[in-house]
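Engineer:
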Amino acid sequence: MLVVQKYGGTSVANAELIKHVAARVIRRIRAGDQVAVVVSAMGDTTDELIDLAFSVSPEPDPRELDMLLSTGEQMSIALLAMALRAQGQEAVGLTGHQAGIYTRAQYGSGRIARVEADRVRTELAAGRVPIVAGFQGTTEEMEIVTLGRGASDTTAVALAVALGADRCENCKDVTGVYTADPRLAPKARQLRDITYEEMLELATQGSQVMHNRAVELASVYNLPILVTSTMVDAPGTLIHGESELEERNRVRGIAHDTDVAKITVRHVPDRPGIAAHIFEPLAEAGISVDTIVQNASERDLTDLTFTLSRNDLKRAESLMPAICGAVGAPGFVADQNLGKVSIVGVGIQTAPGYAARMFRALFDAGINIELISTSEIRLTCLIGADRVGDAVRVLHDAFALEAPDRDLRD
Ligand code: ADP
Ligand code: ASP
Ligand code: MG
421 MLVVQKYGGT SVANAELIKH VAARVIRRIR AGDQVAVVVS AMGDTTDELI
471 DLAFSVSPEP DPRELDMLLS TGEQMSIALL AMALRAQGQE AVGLTGHQAG
521 IYTRAQYGSG RIARVEADRV RTELAAGRVP IVAGFQGTTE EMEIVTLGRG
571 ASDTTAVALA VALGADRCEN CKDVTGVYTA DPRLAPKARQ LRDITYEEML
621 ELATQGSQVM HNRAVELASV YNLPILVTST MVDAPGTLIH GESELEERNR
671 VRGIAHDTDV AKITVRHVPD RPGIAAHIFE PLAEAGISVD TIVQNASERD
721 LTDLTFTLSR NDLKRAESLM PAICGAVGAP GFVADQNLGK VSIVGVGIQT
771 APGYAARMFR ALFDAGINIE LISTSEIRLT CLIGADRVGD AVRVLHDAFA
821 LEAPDRDLRD
């Protein structure tokens, strides 16, 4: 079988781990599989590079920031290729550009437009393991862009799709996808499998275990992803398109996110076009807005609240006075100490009572809900950032997620 294995930053954090990963790749090749590898930057390298950039400039130039950040992954590919060679396996490190990862620009959040995988195929055919730098690509103008935090997962899926690989294996410091972040919820249980749909919701609502665009891409091309451990031989969690009959009746997992800020525009005159006037300037500035709530109007005045990433708050706040002026609102208030917690499961759309159970569990724990948003398979509550851990744990109990999966075949 042909697989793309992706190793995250924690899996290649030091020389010992890199040698371990090299040995793991070699074992797989000896077992008869073809392997292409995608790696992230070592440990906290990306964070350190960002800090370094801000230590020389209060507002680093986006192009040069991407130039700098792309070096993190470039270190990893070179070191892993060296380690493989030292263990007797031919290998070649390839930057995003060399691996044919073409992206559309927007420094810091490039999107993969296409993958020209000829070079990678040639290396595979020659028996050399291609080690591809995740998180980076090149534009038609030969500019280096990065793809957004955590996006090495997306590089791996895109490469797997381009190569027609049998699956993508995401090798991590956890053994698979759990019902909640095991760092927060000690009772979290590993799932045997999960649908694209559910994983996409979890990832989009903050679950760090997979990058959401990776799941989206895999779903479009029906590419199975196995989330598995770098360190121990364990079965892992398969992300794929099927779900078991019985599973349709339950909450599959809980996602949390502590990176949430909120802006409320007060007393906006309620007339057509206000939403466009508020959100167009934000979109133009590349600020993505998450939940939007417009209150019912009272005497033709309404409050409009939206959430965004805390990182974008400063920039958004600088645009707000002009926006308020344009819609005739007297002002706005911002709150940056928020978090959100979501329950996700395909069963939510068919069975009643999930919302009531969620609100009751949070209420019993004395957690105040600031905003609620839903999709067909998700319920999200915005709460204080300091209560996110408690909320995850009480919801895990309320929905009995520690109980094992039921399976008709068991
Ligand atoms: P990598 O560097 O391999 O990409 P990440 O650190 O991005 O790994 O993601 C792995 C981390 O995701 C785990 O250490 C775990 O704490 C966290 N995580 C959050 N939610 C989940 C979940 N539902 N299942 C497993 N891990 C989760
Ligand atoms: N190194 C990048 C980051 O820290 C990409 C990744 O790890 O997937 O965001
Ligand atoms: Mg990651």
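Under our numbering, residues 421 to 830 are what the sequence shown spells out, in order.
Each residue gets a CB set at the ideal place from its N, CA and C atoms; glycine is no exception.
These numbers were taken from a predicted model, which means no experiment stands behind them.
Below 8 Å on the Cβ atoms is my guess for residue 674 versus residue 794; work out the distance and round it to an integer in Å.
Structural biologist: Incorrect: roughly 15 Å between the Cβ atoms, too far for contact.
Engineer: Could you check the C-alpha separation between residue 439 and residue 504 for me, to the nearest Å?
Structural biologist: Whole-angstrom Cα-Cα distance: 8 Å.
Engineer: Closer than 8 Å by C-beta to residue 812: which residues in its own chain qualify, once you throw out the five before and the five after it? Chain order, please.
Structural biologist: 600, 601, 604, 605, 674, 676 and 761.
Engineer: In the DSSP assignment, what are the bridge partners of residue 526?
Structural biologist: Partner(s): none; residue 526 has no beta bridge.
Engineer: Please list the terminal residues of the continuous beta strand (DSSP E) segment that includes residue 794.
Structural biologist: Residue 794 -> beta strand (DSSP E) spans 791 to 795.
Engineer: Pull the bridge partners of residue 427 from the DSSP assignment, please.
Structural biologist: Bridge partners of residue 427: 459 and 591.
Engineer: Do the segment 777 to 792 and the segment 804 to 811 meet, that is, are 3 or more Cβ pairs less than 8 Å apart?
Structural biologist: In short, these stretches touch, since the Cβ pair count reaches three.
Engineer: Take residue 585 as the anchor and find which of 424, 750, 807 and 752 has the nearest alpha-carbon.
Structural biologist: Considering only alpha carbons, the answer is 424.
Engineer: Nearest-angstrom Cα distance between residue 456 and residue 588?
Structural biologist: When rounded, the distance between both Cα atoms is 10 Å.
Engineer: Quick check: what's the CA-CA separation for residue 660 versus residue 622?
Structural biologist: Between residue 660 and residue 622, the C-alpha separation is close to 14 Å.
Engineer: Under DSSP, the beta strand (DSSP E) around residue 731 begins and ends at which residues?
Structural biologist: No beta strand (DSSP E) contains residue 731, which is instead part of the alpha helix (DSSP H) from 730 to 747.
Engineer: Quick one, are the C-beta atoms of residue 572 and residue 693 less than 9 Å apart?
Structural biologist: Taking 9 Å as the Cβ cut-off, residue 572 and residue 693 do not qualify as a contacting pair.
Engineer: How about residue 573: is its Cβ closer than 8 Å to a heavy atom in ligand 2?
Structural biologist: Under cutoff, so the answer is yes.
Engineer: Indicate whether the contact test is met: 3 or more Cβ pairs, each with one atom in the segment 466 to 484 and one in the segment 442 to 457, closer than 8 Å.
Structural biologist: Contact fails: fewer than three Cβ-Cβ distances are below 8 Å.
Engineer: Going straight from the alpha carbon of residue 531 to that of residue 634, what length do you get?
Structural biologist: For residue 531 and residue 634, the distance between alpha carbons rounds to 11 Å.
Engineer: Ligand 3 and residue 631: does any heavy atom of the ligand fall closer than 8 Å to the residue's C-beta?
Structural biologist: Checking the Cβ of residue 631 against ligand 3 gives yes.
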